[in-house]
Amino acid sequence: MNIGSLSLKNTGILAPLAGITNFPFRILVREFGCALAFTEMISVNGLVRESDRTFRYLDTSSADKPFGVQIFGSDPDMCAEAARTVAERGADLIDINMGCPARKVVKTGAGAALMKNPPRARMIMESVRKAVSLPLTVKMRSGWDRDCANAVELAKMAEDCGCDAVIVHPRTAQQGFSGKADWAVIGQVKASVKIPIIGNGDIVAPEDAVRMRNMTNCDAVMVGRGALGNPMIFRGMASLFAGLPVPPALSIREREALIIRHLDMELAYEGETIGMKTFRKHLLWYTKGLPGGARLRNALGAMKKKEAMLNELHGFLDALSRNEV
Ligand SMILES: Cc1cc2nc3c(=O)[nH]c(=O)nc-3n(C[C@H](O)[C@H](O)[C@H](O)COP(=O)(O)O)c2cc1C
Numbered sequence: 499m500n501i502g503s504l505s506l507k508n509t510g511i512l513a514p515l516a517g518i519t520n521f522p523f524r525i526l527v528r529e530f531g532c533a534l535a536f537t538e539m540i541s542v543n544g545l546v547r548e549s550d551r552t553f554r555y556l557d558t559s560s561a562d563k564p565f566g567v568q569i570f571g572s573d574p575d576m577c578a579e580a581a582r583t584v585a586e587r588g589a590d591l592i593d594i595n596m597g598c599p600a601r602k603v604v605k606t607g608a609g610a611a612l613m614k615n616p617p618r619a620r621m622i623m624e625s626v627r628k629a630v631s632l633p634l635t636v637k638m639r640s641g642w643d644r645d646c647a648n649a650v651e652l653a654k655m656a657e658d659c660g661c662d663a664v665i666v667h668p669r670t671a672q673q674g675f676s677g678k679a680d681w682a683v684i685g686q687v688k689a690s691v692k693i694p695i696i697g698n699g700d701i702v703a704p705e706d707a708v709r710m711r712n713m714t715n716c717d718a719v720m721v722g723r724g725a726l727g728n729p730m731i732f733r734g735m736a737s738l739f740a741g742l743p744v745p746p747a748l749s750i751r752e753r754e755a756l757i758i759r760h761l762d763m764e765l766a767y768e769g770e771t772i773g774m775k776t777f778r779k780h781l782l783w784y785t786k787g788l789p790g791g792a793r794l795r796n797a798l799g800a801m802k803k804k805e806a807m808l809n810e811l812h813g814f815l816d817a818l819s820r821n822e823v
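Using the numbering used here, the first residue of the sequence shown is number 499, and each one after it goes up by one.
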């Protein structure tokens, strides 16, 4: 699978997730075979202002390859300048956000608001395309709302502007995250352009990715929430797409080792005080649905130190492995 000049080792891609797909998380999913991982959406204003806080989203390393960076904005010139900055700072691919439905984003004319303003969407794609030679993608919804379900039109426009692939999350912006992703839209977009189409939405198990590909003929599959507490999903997808069975689930000890590895990376990156806070949500995801998990989750708030968290986790997993909960 190629996106412009970029060749991917398989067809499993990590979605941009605000507050989640930071440097450590991207490294982790890559260790499980993820072929391309994205930063969260980054404001072009912050990039153009050269804000240190914004530049932190671009922290990366040679292990974080290929490095996808998603930008959002509504001003074509600023988007172009931000794209140049991002290219200079190590991006291997740039994605333009046309799908974010958050009020604070759409009220500025960025994100999913671009789907109801195709002329502006075109200007942005053209100016970013002119500014950088990197592979360029656009991530969109099925449309703004039911009356403006124009993903096919915008995908054709993206192709016309020289974008190298389109990512489709087939819910309207109005839907937010409610209801089910309408994979049929991915198929319609795929049938109407020649550039690769990356399907996204409601993939929670490797088998879902195969179903999506079979139903839509998409070229690659992007996973967001299904990777939370479950980076192993990429290993399963890579196996299935290679015609192999899904590897067995991690043992409890392997799961513990994975959580510790993730925690160590998060603490090394954020420092202990912040890292212990930002890691809590991951621990919730790692233990979601496990018997006795509620007790662990209740104890989490009080844990300020790594050792306390590891002790609690170890006790929890030990009890689980002895089937005592
Ligand atoms: C917490 C959260 C943060 C997100 N942040 C972004 C983002 O920064 N940029 C973006 O394009 N989409 C973002 N999304 C949307 C996802 O990339 C993805 O399109 C959506 O969750 C559907 O895929 P999934 O069902 O695999 O999660 C976010 C979604 C969630 C749940």
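We put the CB at the ideal spot given by N, CA and C, even for glycine.
Note that the coordinates shown come from a computational prediction; the quantities given were computed from them, not determined experimentally.
### Task
Answer yes or no: do E626 and I696 have a C-beta to C-beta separation smaller than 9 Å?
The question names Glu, but residue 626 in the sequence shown is Val. Not a contact, by the Cβ cut-off of 9 Å.
Less than 9 Å separating the beta-carbons of T509 and V719? yes
Residues proximal to ligand 1 by C-beta, any heavy atom closer than 7 Å: A513, P514, L515, A516, G517, I518, E538, M539, Q568, N595, G597, C598, K637, H667, F675, A679, N698, G699, D700, I701, M720, V721, G722, R723, G724
How about K507 and G531: do their beta carbons lie closer than 9 Å?
-> yes
Exercise. Closest to V687 by CA distance: which of D645, P729, F777, I665 is it?
Worked result: I665
_Rounded straight-line distance, which links the Cα of K654 to that of A671_ = Looking at the two C-alpha atoms, the distance is approximately 19 Å.
If I measure Cβ to Cβ from M596 and keep anything under 8 Å in the same chain, skipping five residues before and after, which residues do I get? Excluding the 5 residues flanking it on each side, M596 has same chain C-beta neighbours closer than 8 Å at G609, A610, L612, M613, A619, V636, K637, M638, R639, L652, in chain order.
**Request:** Please state whether DSSP places P617 in a helix, a strand or coil.
**Result:** helix
- Task: State yes or no: is the C-beta of E764 nearer than 8 Å to some heavy atom of ligand 2?
- Result: Absent from the structure shown: ligand 2. Ligands present: ligand 1.
Below 8 Å on the Cβ atoms is my contact criterion, and I expect D593 with K563 to pass it. Report the Cβ-Cβ distance as a whole number of Å. Rounded, the Cβ-Cβ distance is 16 Å, inconsistent with contact.
Requested in this report: Find out if the Cβ-Cβ distance for the pair C716, I693 is shorter than 9 Å.
Outcome: no
Determine the burial state of E754: buried for a count of at least 16 other Cβ atoms within 10 Å of its Cβ, exposed for fewer.
buried
Requested in this report: Report buried or exposed for L534, applying the criterion of at least 16 other Cβ atoms within 10 angstroms of its Cβ.
Outcome: buried
When you compare only the Cα positions, how much space is there between L742 and I701?
19 Å
Alpha carbon to alpha carbon, how far is A578 from L634? Give it in angstroms, no decimals.
-> 12 Å
Secondary structure at G734, three-state DSSP: helix, strand or coil?
helix
Per DSSP, which residues does L781 bridge with? Please list them. According to DSSP, L781 bridges with nothing at all.
Within its chain, find whatever has a CB closer than 6 Å to the CB of A585; leave out the 5 residues flanking it on each side and keep chain order. V630, L632
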